[in-house]
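Novice: This is the structure, below, for whatever I ask next.
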Amino acid sequence: MHGVLSSEVTVNVPASEAWDLYGTLKLMDVVIPEFFASIDVLKGDGEVGTVLKLFFNPGALFYAFEETIVTIDEEKMIKETDASKGGYLDMGFNLYRIRYDVIPTGEKSCITRVTVEYDLKEGWISNASHVSLVPFIGFLRVGSVYLLANTQS
């Protein structure tokens with residue numbers, strides 16, 4: 001079973017400033033207090049191939065999982081991470097990908113979009129109910145507040 005969910009937020013900052021947040025590891029620093037117990041960088045410095053271990057707060061679906069940055073397109077302002085160990089992969093997902101896009105809409109405005117793409121193994125279809133945009137919409141909102149408070153323009 002394959003699925004895609006997406007949501008977006010308009011932010012009144014230049015796309016380059018939003019990309020400086022979403023295209024780097026800075027986003028993790030901004031969202032940790034709100035959404036995670038901690039995040040460890042296991043390998044890399046934010047480029048393709050960087051591996052992060054995300055530790056969740058009590059009550060989350062699982063304790064931790066690893067994700068790997070698989071795409072960073074500076075020109076198109078796209079960053080993708082794939083679940084690479086534990087978490088969703090232990091729940092029968094072949095693919096659990098998170099994509100951030102920053103889309104310019106004007107000189108001082110842009111859209112930040114998050115997309116979750118997933119694929120489940122046969123026999124695990126009921127776990128599709130665990131796919132949610134709720135935390136990622138939270139990331140976009142926290143990111144928007146951060147950008148508006150810290151914009152250089």
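UniProt numbering puts the first residue of the sequence shown at 1, with every later residue one more than the last.
No residue lacks a Cβ here, since even glycine has one placed at the ideal position from N, Cα and C.
Taking the alpha-carbon of E34 as reference, which of E74, I137, Y96 and I78 has the nearest alpha-carbon?
Specialist: I137
Novice: DSSP beta-bridge partners for E67?
Specialist: L52 and A83
Novice: List the endpoints of the continuous alpha helix (DSSP H) containing F100.
Specialist: A quick correction: the sequence has Tyr, not Phe, at residue 100. No alpha helix (DSSP H) holds Y100; the beta strand (DSSP E) holding it covers F93 to G106.
Novice: I'd like to know if A128 contacts chain B, where contact means its C-beta is closer than 7 angstroms to some C-beta of that chain.
Specialist: No chain B appears in the structure shown, which is made up of a single protein chain.
Novice: For residue 156, tell me which candidate among L148, L140, V145 and H130 has the shortest Cα-Cα distance.
Specialist: The shown model of the chain, from 1 to 153, leaves out residue 156, and the question about it has no answer.
Novice: Going by C-alpha to C-alpha distance, which of T151, S144, S16 and G23 sits closest to E80?
Specialist: G23
Novice: Can you tell me the Cβ-Cβ gap for L25 and G46, rounded? I've got them flagged as a contact below 8 angstroms.
Specialist: Yes, L25 and G46 are in contact; Cβ-Cβ is about 4 angstroms, under 8 angstroms.
Novice: Looking at F139 and V31, is the spacing between their C-beta atoms short of 7 angstroms?
Specialist: Taking a C-beta distance under 7 angstroms as the contact criterion, V31 and F139 qualify as a contact pair.
Novice: I'd like the span of the beta strand (DSSP E) that includes G143, first residue to last.
Specialist: Segment V134 to N150 is the alpha helix (DSSP H) holding G143; no beta strand (DSSP E) there.
Novice: Pick out whichever of L120, T105 and D119 has its Cα sitting closest to the Cα of R113.
Specialist: For the residues L120, T105 and D119, the minimum Cα distance to R113 belongs to T105.
Novice: By the DSSP assignment, the beta strand (DSSP E) with V114 in it spans what residues?
Specialist: S109 to L120
Novice: If I measure Cβ to Cβ from Y146 and keep anything under 8 angstroms in the same chain, skipping five residues before and after, which residues do I get?
Specialist: L21 and V30
Novice: My assumption, with CB atoms under 8 angstroms, is that R97 sits in contact with V9. Please give the rounded CB distance.
Specialist: Actually they are not in contact, since the Cβ atoms of R97 and V9 sit about 20 angstroms apart, beyond 8 angstroms.
Novice: Are the segment 55 to 73 and the segment 109 to 127 touching by the rule of at least three beta carbon pairs closer than 8 angstroms?
Specialist: no
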